[in-house]
Every structure is written in structure tokens, then in C-alpha cells.
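Each remark here refers to the structure printed beneath this line.
Numbering (the working numbering), first residue to last: 1 to 254.
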């Protein structure tokens, strides 16, 4: 049986000498939507960056289990460079995407696509078609695609371009770090539609969020809660309802 999951086992992470993540174990499935929630500073974004191999963080074995890893289709990819993880199908959308002067959106999309899937006349033609189709789906102004990436873009435009990149690359797993912040309700509905489309393509979706705004428009399969660098709860959407009613402290009574 093919294992199409992204699995984390007993992961610990440090920033310099300070431990930030403690014995994290969890599992994400392709074609499913997982919501990762928690108070500010709980380690949600850190976990996303560690998954992608951000060099600011180091990882260590769990002293008790001596087993630690990030497994994609049963292969431990924890120590692979970020570029290789992206080629294997991992994608991270940042909270605050940076501007890249001199590089247009189309150029970035083409470079990312070719790095992952190679290039020939057929693939370039298909890529251009996909860019046009999904840009229209996300209500992205075609002129925006020819501008330097994220340079003087609005918050909503930046989020849409990040989502467009995911739709073009069709990653095995896409992590969106607060893709619902800084956007109005109309843009939020469009972004949710794009996330649903990505899920329909078969990608596993991880949504890191502080609120339930975008979750009004997306069917959630699993909810995970992090507190103080630890994965404290895993459950259904009912966890979100309980957090909204009583906050994170009330989860201690579960």
C-alpha cells in the first residue's frame, strides 16, 4: 500500500540554543485539509519553517526515543535542503512574502515550474495556459503577472500570488501560514476557492491560522492545536468551535 502522507515523528527544534519545538509528532494526508491553530508564539510558524528546512533552526533526536524525522512517502527528508524538499513536493506560503525586484511574477512561476518538472515546448505552452486559467480563477489582474513579484502589491494580491504559485506547482503538500490575514471578505472567498481547487488536485493542505475566517468557506478534516511548542490536541472541527467559545485554556479539560 502506498503511503501518501507527510509524517513528523518526535521532532525537536532549536533557535540557537533555545528550544522552540518539543517532541512534535503528527501526520498530514494528501487531499485533506488540516488546520493548525494555537496562541501567539506557540510554534506554528516555526514548525512550518522547520519542515521546509529553514537554516535558522536546528533539530535534534528525542533523548528517550532516539527516533526523529520528517517522512514524505516513508522517506526521511528532514535534513534535505529546502530546494530538494520543494522538488519533492513541499510548498510553504509565507506570512509576509518578500518583494523580489527585477523578477516578474511570470518569471518566478516559470522558473519554479521548470525547476520541478523540467522544460520543453509542450510544458511551457501548458504552463502559460495554467497561469492564465488560475490567474482568472483568483481574480488576478493579468498586468500584475508582468510586475516585479510582490513589489508594491497589496496584502490580498500577495496572498493570491502565493496561492497561484501553489496551483501551478501542484505540490504534494502545501502549507499556508496565515493566508487569511490582511485581506477583505471578497478576497478571502476567492482565496478559499483557490485552496479548495488545490485540494481537488490532490494536494494535502495545512492552514496555519489564528481565526476561523477562512474556515467558513473550507471543509476541514483535522484540527491540530499547538501550545508552547508542543502539539497538545488533535481532533475534528469541534475543536475550533470549543476554542471560539472558551479559548485555549479550556482545552486543558478535554
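Every residue, glycine too, gets a C-beta built ideally from N, C-alpha and C.
DSSP, reduced to helix, strand and coil, places residue 114 within a helical segment of the structure shown.
Just measuring C-alpha positions, the residue of 246, 159, 81 and 202 sitting nearest residue 214 is 159.
Inclusion of residue 48 and residue 177 in the CB contact set at 9 Å is warranted, their separation being smaller than that value. In the DSSP annotation of this structure, the continuous segment of the alpha helix (DSSP H) that includes residue 197 starts and ends at 185-200.
Counting C-beta pairs closer than 8 Å gives fewer than three between the stretch 128-148 and the stretch 80-95, which falls short of the contact rule. The residue from 157, 181, 104 and 133 with its alpha-carbon nearest to that of residue 145 is 104.
Secondary-structure assignment with DSSP links residue 28 through a beta bridge to 6. Counted as a single uninterrupted DSSP element, the alpha helix (DSSP H) harbouring residue 155 occupies residues 155-169. About 13 Å separates the beta carbon of residue 185 from that of residue 155, a gap too long to meet the 8 Å contact definition. Between residue 225 and the set 243, 169 and 68, the nearest pair of CA atoms involves 243. Of the candidates 191, 229 and 169, the residue whose Cα lies closest to the Cα of residue 217 is 191. Sixteen is the threshold: when 16 or more other Cβ atoms of the shown chains lie within 10 Å of the Cβ of residue 199, as they do, the residue is buried. Within its own chain, the residues whose Cβ lies closer than 6 Å to the Cβ of residue 170, once the five positions on either side in sequence are excluded, are 201, listed in chain order. Every unbroken stretch of the beta strand (DSSP E) spanning 3 or more residues and falling wholly within the stretch 46-97 is given here in chain order: 57-60, 69-72 and 90-93.
Cβ contact annotation for residue 80 (same chain, cutoff 7 Å, sequence separation greater than five): 53, in chain order. Pairwise C-beta distances place the stretch 8-23 out of contact with the stretch 201-210, as fewer than three of them are shorter than 8 Å.
The beta carbons of residue 239 and residue 172 sit no closer together than 9 Å.
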